[in-house]
Amino acid sequence: MKFIGLLLISCALLLGHGRAAYADQDKPFATHHLVLQISDADLGKQALILSISNSLLKDYGPDNIAIEVVAFGPGVHLLYADNPNRVGVESLIAQGVRFDVCMNTINTIVRDTGHAPALDPHIFKVDYGVGQILKLVGEGYVLVRP
Numbered sequence: 214m215k216f217i218g219l220l221l222i223s224c225a226l227l228l229g230h231g232r233a234a235y236a237d238q239d240k241p242f243a244t245h246h247l248v249l250q251i252s253d254a255d256l257g258k259q260a261l262i263l264s265i266s267n268s269l270l271k272d273y274g275p276d277n278i279a280i281e282v283v284a285f286g287p288g289v290h291l292l293y294a295d296n297p298n299r300v301g302v303e304s305l306i307a308q309g310v311r312f313d314v315c316m317n318t319i320n321t322i323v324r325d326t327g328h329a330p331a332l333d334p335h336i337f338k339v340d341y342g343v344g345q346i347l348k349l350v351g352e353g354y355v356l357v358r359p
């Protein structure tokens with residue numbers, strides 16, 4: 214049983230290593246790593262995500278903090294091309310904030326509606342939002358869900 218546990222931990226570290234290396238290349242001087250979860254379609258919560266990101270970039274400087282916003286479930290609405298908060302999302306992307314969209318959620322939307330929503334072209338597509346959060350937390354990111 215201990216062997217299986219050690220094997221799982223080793224696999225998790227190996228899987229996370231690639232992402233950590235990417236994060237280090239993208240933000241080599243970042244001393245803080247934050248993942249923000251958005252899983253609500255509420256525009257107020259979306260605005261809060263943007264506000265938190267802007268405040269932290271201002272306080273720490275864009276090179277000293279790595280921020281990744283992971284959207285899944287109804288939270289993917291933040292990353293729609295026609296979202297009212299799009300200008301704020303684009304501004305944060307320009308400052309180095311990474312936005313991830315859960316393709317499992319998008320695939321469910323396609324299955325239910327027959328078409329894919331238009332997404333912001335600068336976002337990253339991940340297989341599963343929750344899986345991305347787990348990976349980032351395993352790499353030392355702090356999870357915040359406003």
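Numbering (our numbering), first residue to last: 214 to 359.
Glycine residues also receive a C-beta, built at the ideal position from the N, C-alpha and C atoms.
Bear in mind that the values here come from a model prediction, so they are computed numbers and not experimental data.
Tell me, to the nearest whole angstrom, how far the beta carbon of V282 is from that of L249; I am working on the premise that it is less than 8 Å. 5 Å
By how many angstroms is the C-alpha of I280 removed from the C-alpha of Y354? 9 Å
Buried or exposed by the 16-neighbour rule on C-beta atoms within 10 Å, applied to G288: buried
Using the three-state DSSP reduction, which class does R324 fall into: helix, strand or coil? helix
Which whole-angstrom value is the C-beta distance of I319 and F312, which I expect to be below 8 Å? Not a contact, Cβ separation roughly 13 Å.
Does DSSP put Y293 in a helix, in a strand, or in coil? strand
With a 10 Å radius around its C-beta and 16 neighbouring C-beta atoms as the bar for buried, classify F242 as buried or exposed. exposed
Taking Cβ positions, are N245 and I278 nearer each other than 8 Å? The sequence given here has His at residue 245, not Asn. For H245 and I278, yes; Cβs fall inside 8 Å.
Could you please give the first and the last residue of the uninterrupted alpha helix (DSSP H) stretch that includes L347? 342–351
Per-residue DSSP class, three states only, for I336: coil
From this set, I322, S264, K271, which residue's C-alpha is nearest F285's C-alpha? I322
What do you reckon, are the CB atoms on I346 and L292 nearer than 8 Å? no
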